[in-house]
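What follows is a single structure, written as structure tokens, with notes after it.
Number of protein chains: 4
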Amino acid sequence: MKSRSTCVMRASCPDRPGVVAAVTGFIRDQGCSIIEAQQHGARGEHFFMRLEFEPASGATVTPEALEAAFRPIADSLEIAAEFRDMARPMRTVLLVSRFGHCIHHLLHRWQAGQLPLEIAAVASNHEDLRAFTEWCGLPFHHLPVGPDTKPAQEERLLQLIEDSDAELVVLARYMQVLSPRLSDALAGRCINIHHSFLPSFKGAKPYHQAYARGVKIIGATAHYVTTDLDEGPIIEQDVRRVSHARSPEELVTIGQEIEASVLARAVRWHAEGRIFVHDGATVVFD
Amino acid sequence: MKSRSTCVMRASCPDRPGVVAAVTGFIRDQGCSIIEAQQHGARGEHFFMRLEFEPASGATVTPEALEAAFRPIADSLEIAAEFRDMARPMRTVLLVSRFGHCIHHLLHRWQAGQLPLEIAAVASNHEDLRAFTEWCGLPFHHLPVGPDTKPAQEERLLQLIEDSDAELVVLARYMQVLSPRLSDALAGRCINIHHSFLPSFKGAKPYHQAYARGVKIIGATAHYVTTDLDEGPIIEQDVRRVSHARSPEELVTIGQEIEASVLARAVRWHAEGRIFVHDGATVVFD
Amino acid sequence: MKSRSTCVMRASCPDRPGVVAAVTGFIRDQGCSIIEAQQHGARGEHFFMRLEFEPASGATVTPEALEAAFRPIADSLEIAAEFRDMARPMRTVLLVSRFGHCIHHLLHRWQAGQLPLEIAAVASNHEDLRAFTEWCGLPFHHLPVGPDTKPAQEERLLQLIEDSDAELVVLARYMQVLSPRLSDALAGRCINIHHSFLPSFKGAKPYHQAYARGVKIIGATAHYVTTDLDEGPIIEQDVRRVSHARSPEELVTIGQEIEASVLARAVRWHAEGRIFVHDGATVVFD
Amino acid sequence: MKSRSTCVMRASCPDRPGVVAAVTGFIRDQGCSIIEAQQHGARGEHFFMRLEFEPASGATVTPEALEAAFRPIADSLEIAAEFRDMARPMRTVLLVSRFGHCIHHLLHRWQAGQLPLEIAAVASNHEDLRAFTEWCGLPFHHLPVGPDTKPAQEERLLQLIEDSDAELVVLARYMQVLSPRLSDALAGRCINIHHSFLPSFKGAKPYHQAYARGVKIIGATAHYVTTDLDEGPIIEQDVRRVSHARSPEELVTIGQEIEASVLARAVRWHAEGRIFVHDGATVVFD
């Protein structure tokens, strides 16, 4: 990915007059030029804003300096703000099991420079995807799990994530339910791909459920992991039409393609600071 | 709609070798030419087939004569068969309430000759759509319903349907739950449009549910009415992408367009004999 | 349509630092609250912005007063700005020929309060759609056209448009090519629906062209009319999958549904000030 | 891919009564059971049929024996028929250049058993994709090409294809225009992915053309290669909505995902004998 010289500001606050003017005035006063700006103010009386901007030619700005300079405005308007230097890709850990379609798609797009990630590690409860991971030049950690070893395995997993300074954990068809404790520890920075069009067909074998019910459209959903399984805030969804002639196995194949594509979009949006979560739903500035 | 000179044969039976050969051999032996043929054999070991054919030039065939001639084959192979003369449009009753988007779309397509229906009557529990119905030259029946009058109203409704010799009843956003008794009486010939992508968001105000959950895709579902509300066999579904920026009201508007389009497709397929129901799911020979 | 109490500001200018801050600061200083704001700065070094805002409770603002107050900022930053009171629906003339699918869809959505238009007149070179138009309570003007009478007919058409104070002219399957003179007179305020996925299949009978070429997807395009036939800036497009089994007539039916839906979206976006044209392409703040 | 025990029969002939009965009667008389059958008779008075069937338990049939047994029927009804044992995957050569998205998707699906191919070789005019190809355990042939060496390079390419007994050649973003001579030599067995929604935007840099024209939907097209560049029979197409906010680079990324998916579908359909070409268009029995 060609290095970006931009910064991203994410801001949210109770909706009130003057917020946009205050924030954009601040950016101007820092001598920066706005490249892209999006805001949304309707949902639940709350206001969300994302700005991508670049410093004046020759100047440099740091997230820390911007944050300090913005503090008086943040305090007076109750704005929660974050700044991020887009030259720095997001530290990420991938968790997988045996299905390879999601990690293959993610790593190929990452190799092609289309995902702004620094992939610190891949971990799995199976060995299947070691060869591909290592061929991509990434460390692979086999953390097997059994009925009695789940707490210990999650402990090692969390340790790995923390040791990696991971800002994002991607469950790329990791076929283990996270414990509430681990879900909590990863809150807001863990994305799962659900192999169904949520809220339909939660739980196991959704494509077989879809077949039995005779649905005419199948899909997949990327969402943040919460302790409430399959109920986390939805980030992205996509679908494809199917007919009665498709077998459950063919639905799985079609679904895998949708899953890989949906997950990659959600990951990119997260890494670019495009997603806000509020009240169980997301605002996505695509 | 320009009159068709074709016949449709619908056949279903336990799947076994030789069925296609037997059925298509029969059509050939009647001196008819197959225009369109579709079959499906995978679902639940059952076999389904639809043939559209026309008699040899100058000849005429009747559904009754075909049925009689086919009886020996039907008996030997356990084939349930129906024949229909496509020159005769399907007798239909529409039920509506106050929302006009579905009936408008259906009647405009019907006026343009794109739906092979003979619309015997429109009935409603409200007066709102009388003007448009009568402007289309169709009889409008106002059958109001209140908490105490539902059994009596359904009685009148069923009477109207039977008096009309209706082969199809379309719930074009008829906002009353049918009683199990009426559902049973209309089994297999009553199509509903559900203003949601089933099985998500059953019940009331699905677009508001979808908004609250933050889904990224909304849809609508046409299904046969069964006593199990919102669980009847799915005929057709469609969806459209939406973003966080759409209000619940905008979701309603977008959804109405999908509903009208999905319902019209389901009605046409039913009228052309393209739908089979088996084990709670449909086979649709589009 | 429930009356809105908002104003819309449309602004465009050469892209430069400080524009967003200046514009949003102006709105705040007028005591108004921003409801919705969108901007785009990447295409061709030009910047576009749409703001929807409402005055402080009890206050009123007029487009004229806002324009006057904004003039100094506009001058200093070279901003072209327009203000519009959204309580006032957009004066519109519809042109049709014989196909009814687009006008039916537009007028039903208009009757349902989903299009912020005041429809001043419907004009056609045929009588076919008089009954429906008049049933909707709208004046219908029959302006027949023949090989020798086209200039005179266009003169009457333009007169009707000007007499109606029309801000928008919608070609809802008006099957006449506008002369360069009329196209020029309507520049920027005339929307056409092209019955094809442009730039494929320009010209006549596109669905038959699509059939012959065996395409697997068909679509429709709404665009602004320019003197260069079928080449005006694209506002909106949509598509649907089709198979080899669809006849040209079925493609027409499917296409008509897409056309009606695409045209309605384009008309609403125009009426809400969501479209900017620059360098032959559009920016649409949906 | 789990080995299939089925045979596929592909038949086409001038449309006439009795063909379906004759063909399906033949299959029954061979003691085989039809698994899947599709036919199409409308396009150009020509009839197409695909049957997938399995021999009676314990029996074996060979394509050669079936062909011999069918010959009398074929002769009397002018049916062109082919039989194929689906236990044998299709011998395939892939041609690539530097872009990896299509070959990555194809080889991952092939490794997952979702494409019934035997990949004999990968050839390229660049070295970039050697590592991935060889990691997949496939032979990689570097056949560089320059302005003066094209005839010689094509000679080597064709030699490689013939030595491989390739029944299918896939241009998985092979960025060289084939000479008419090579196109002719590969007629009917060479699939290309065009990075555009044909017939729009033929030629170079279609995503940049699409951006300049401001289209709202982009797509990709898989087609058979003919001597008429970008005009071969269309096998499959897909699209995705885009907005003015997407840069040409983002359109490329989105487009690559569509390309990979569309090409994989086309390849599978070809390998399963689902595609017929007639009069410049395809019939696809999906």
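Protein chains in written order, with my numbering: chain A, 326 to 611; chain B, 326 to 611; chain C, 326 to 611; chain D, 326 to 611.
Even glycine gets a Cβ: it sits at the ideal position worked out from N, Cα and C.
Since we're looking at a predicted model, the values are computed, not measured.
Along the beta strand (DSSP E) that carries residue i, what are the first and last residues, could you check?
i: D/Arg565; result: 559-566
i: C/Asp453; result: Premise fails: C/Asp453 is in no beta strand (DSSP E) and is neither H nor E.
i: C/Gln364; result: 357-365
i: D/His433; result: Segment 426-436 is the alpha helix (DSSP H) holding D/His433; no beta strand (DSSP E) there.
i: A/Pro441; result: That residue, A/Pro441, is in no beta strand (DSSP E); it is neither H nor E in DSSP.
i: A/Arg335; result: 332-339
i: A/Phe601; result: 600-603
i: A/Ala606; result: 606-609
What separation, rounded to the nearest whole angstrom, lies between the Cα atoms of residue i and residue j?
i: B/Phe318; j: A/Gly544; result: Residue 318 of chain B lies beyond the residue range present for chain B, which begins at 326 and ends at 611; the question has no answer from this structure.
i: D/Gly580; j: C/Leu454; result: 42 Å
i: B/His603; j: B/Gly557; result: 11 Å
i: A/Arg413; j: A/Gly513; result: 20 Å
i: B/Ala336; j: D/Thr552; result: 46 Å
i: C/Met326; j: C/Met411; result: Residue confidence is low: C/Met326 scores 43 on pLDDT, short of 50, so the model does not pin down where it sits. Its coordinate-derived value is still stated next. Roughly 11 Å between the two C-alpha positions.
i: D/Cys357; j: B/Cys461; result: 54 Å
i: B/Leu576; j: D/Val494; result: 46 Å
i: A/Thr546; j: A/Gln562; result: 4 Å
i: B/Thr387; j: B/Ile398; result: 18 Å
i: D/Cys332; j: D/Ala591; result: 20 Å
i: B/Asp509; j: D/Arg599; result: 42 Å
i: D/Glu487; j: D/Ala477; result: 15 Å
i: D/Leu420; j: D/Cys427; result: 10 Å
i: A/Leu376; j: C/Glu574; result: 49 Å
i: A/Gly438; j: A/Leu432; result: 10 Å
i: C/Ala381; j: A/Phe522; result: 42 Å
i: D/Val404; j: B/Phe372; result: Sequence inspection shows Ile at residue 404 of chain D; the Val mentioned does not correspond to that position. Using only the alpha carbons, I get a separation of about 27 Å.
i: C/Lys530; j: C/Ala456; result: 27 Å
i: D/Leu554; j: D/Met334; result: 31 Å
Since residue i and residue j should fall inside the 8 Å C-beta cutoff, what is the C-beta to C-beta distance between them, to a whole number of angstroms?
i: A/Glu452; j: A/His466; result: So it is not a contact: roughly 11 Å between Cβ atoms.
i: D/Ala596; j: D/Leu440; result: 7 Å
i: B/Gln363; j: B/Phe601; result: Between B/Phe601 and B/Gln363 the Cβ distance is about 10 Å, and since that is not below 8 Å, they are no contact.
i: C/Val345; j: C/Cys338; result: Not a contact, Cβ separation roughly 11 Å.
i: A/Ala491; j: A/Arg409; result: That pair is no contact at about 15 Å.
i: A/Val608; j: B/His569; result: 4 Å
i: D/Gly366; j: B/Gly350; result: Incorrect: roughly 17 Å between the Cβ atoms, too far for contact.
i: C/Ala347; j: C/Leu391; result: Not confirmed; about 14 Å, so no contact.
i: C/Ser489; j: C/Val418; result: 5 Å
i: A/Asn517; j: A/Val550; result: 5 Å
i: B/Ser586; j: C/Glu480; result: With 8 Å as the limit, B/Ser586 and C/Glu480 do not qualify as a contact, their Cβ atoms being about 39 Å apart.
i: D/Tyr536; j: D/Ser422; result: Actually they do not touch by this definition, with Cβ atoms about 23 Å apart.
i: C/Ala606; j: D/Gly539; result: 3 Å
Does the Cβ of residue i lie closer than 7 Å to at least one heavy atom of the ligand ZN?
i: B/Val470; result: Judged by which ligands are present, the structure shown has none, so any question about the ligand ZN falls away.
Start and end of the alpha helix (DSSP H) containing residue i?
i: D/Tyr549; result: Careful: D/Tyr549 lies outside any alpha helix (DSSP H), inside the beta strand (DSSP E) at 542-549.
i: B/Arg590; result: 573-596
i: D/Ala346; result: 344-354
i: A/Arg538; result: 531-538
Which residues, taken in chain order from the stretch 336-356 of chain C, show a beta carbon closer than 9 Å to some beta carbon of chain A? Hits within the stretch, in order: Asp340, Arg341, Pro342, Gly343, Val344, Val345, Ala346, Ala347, Val348, Thr349, Gly350, Phe351, Ile352, Arg353, Asp354, Gly356.
For the stretch 558-572 of chain B, which residues have a CB atom closer than 8 Å to at least one CB atom of chain D, in sequence order? So the close ones are Arg566.
Quick one, which residues of the stretch 371-394 of chain A are near chain C if we go by CB-CB under 7 Å, in chain order? Of all residues in the stretch 371-394 of chain A, none has a C-beta nearer than 7 Å to a C-beta of chain C.
Can you list, in chain order, the stretches of the alpha helix (DSSP H) that have 4 or more residues and sit fully within the stretch 364-421 of chain A? Uninterrupted alpha helix (DSSP H) stretches at least 4 residues long and entirely within the stretch 364-421 of chain A occur at 388-402, given in chain order.
Quick check for students: name the residue ranges of the beta strand (DSSP E) that lie wholly in the stretch 443-518 of chain A, counting only runs of 3 or more. For secondary structure counted as the beta strand (DSSP E) over 3 or more consecutive residues, the stretch 443-518 of chain A holds these complete runs in sequence order: 465-467, 493-496.
Output needed in chain order: residues of the stretch 529-554 of chain B with a Cβ under 7 Å from some Cβ in chain C. Answer in chain order: no residues at all.
Mind listing which residues of the stretch 567-601 of chain A have their C-beta closer than 7 Å to chain D's C-betas, in chain order? Listed in sequence order: Thr578, Glu582, Ser586.
Report the residues of the stretch 443-468 of chain C with a CB closer than 7 Å to any CB of chain B, ordered along the chain. Of all residues in the stretch 443-468 of chain C, Trp460 have a Cβ within less than 7 Å of some Cβ in chain B.
Taking any Cβ of chain B, which residues in the stretch 399-428 of chain C have a Cβ under 9 Å from it, in chain order? Flagged, chain order: Phe424, Gly425, His426.
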